[in-house]
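Residue numbers for the sequence shown follow our numbering, beginning at 15 and rising by one. Note that beta-carbon positions come from the ideal geometry of N, C-alpha and C, so glycine has one too. Working notes, structure below.
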Amino acid sequence: EYHQREVRDVAHLMWFERLYVWLQCFEKYILYPALILNALTIDAFLISNHRRLGTHWDIFLMIIAGMKLLRTSFCNPVYQFINLSFTVIFFHFDYKDISESFLLDFFMVSILFSKLGDLLHKLQFVLTYVAPWQMAWGSSFHVFAQLFAIPRILSASIFTLQLRFTFYGSKLFIDPWQ
């Protein structure tokens with residue numbers, strides 16, 4: 015049995031693993047930058063024709079949205095596909111009349127999804143310790159007191175505040191999400 019399970023040769027990359035890496039590079043270095051630069055070009059033409067907030071504010075919003083989307087496409091391309099598909103489906107099919115421009119819609123959806131993901135992680139952290147089977151390591155007061163932390167977490171995830179030196183029950187958590 016030892017000889018059947020023993021590794022005798024060097025591991026090789028399979029064709030689908032190479033394909034996955036090439037598709038990741040294509041997505042990260044070609045697809046998203048081209049998509050964002052295309053949206054910047056189209057929106058620059060729209061700003062010259064239709065001034066919504068004034069020329070300077072429209073240009074400022076375009077620069078900020080473009081730079082943030084380019085940065086997140088390089089840093090976190092896995093979640094960009096979800097943001098992109100939701101933006102296209104939501105603003106192209108459902109709410110076409112409230113759409114500003116593709117770039118600003120994509121920017122707002124990426125902010126919304128990152129805030130919702132942050133909220134989900136923080137609530138999972140708190141609700142893990144509020145579970146009824148966790149009462150054995152603490153008292154029932156701890157479970158009751160931890161429920162009052164949920165409004166603070168909601169406000170912290172909206173305004174991107176770190177929950178530093180926050181009391182949950184009688185426990186002190188210092189920078190739990192960093």
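Contact belief for residue i with residue j at Cβ below 8 Å, rounded distance in angstroms
| i | j | result |
| --- | --- | --- |
| F127 | I96 | 7 Å |
| Y34 | P91 | Contact flag wrong, Cβ pair sits at about 13 Å. |
| K136 | S87 | Actually they do not touch by this definition, with Cβ atoms about 25 Å apart. |
| L83 | F121 | 6 Å |
| F105 | D119 | 5 Å |
Terminal residues of the alpha helix (DSSP H) in which residue i lies
| i | result |
| --- | --- |
| Y34 | W29 to F40 |
Assigned exposure category for residue i - 16 Cβ within 10 Å defines buried
| i | result |
| --- | --- |
| L117 | buried |
| I112 | exposed |
| Y94 | Per the sequence shown, residue 94 should be read as Gln rather than Tyr. So Q94 counts as buried. |
| T55 | exposed |
| D57 | buried |
| G80 | buried |
| D72 | buried |
| V123 | buried |
| I78 | exposed |
| S115 | buried |
Per-residue DSSP class, three states only, for residue i
| i | result |
| --- | --- |
| H135 | helix |
| V21 | coil |
| H26 | coil |
| T180 | Residue confidence is low: T180 scores 46 on pLDDT, short of 50, so the model does not pin down where it sits. Its coordinate-derived value is still stated next. T180: strand per DSSP, three-state reduction. |
Worksheet item: Counting only runs that start and end within the region 69 to 115, where is the alpha helix (DSSP H) found for 4 or more residues in a row?
Response: 69 to 89 and 91 to 103
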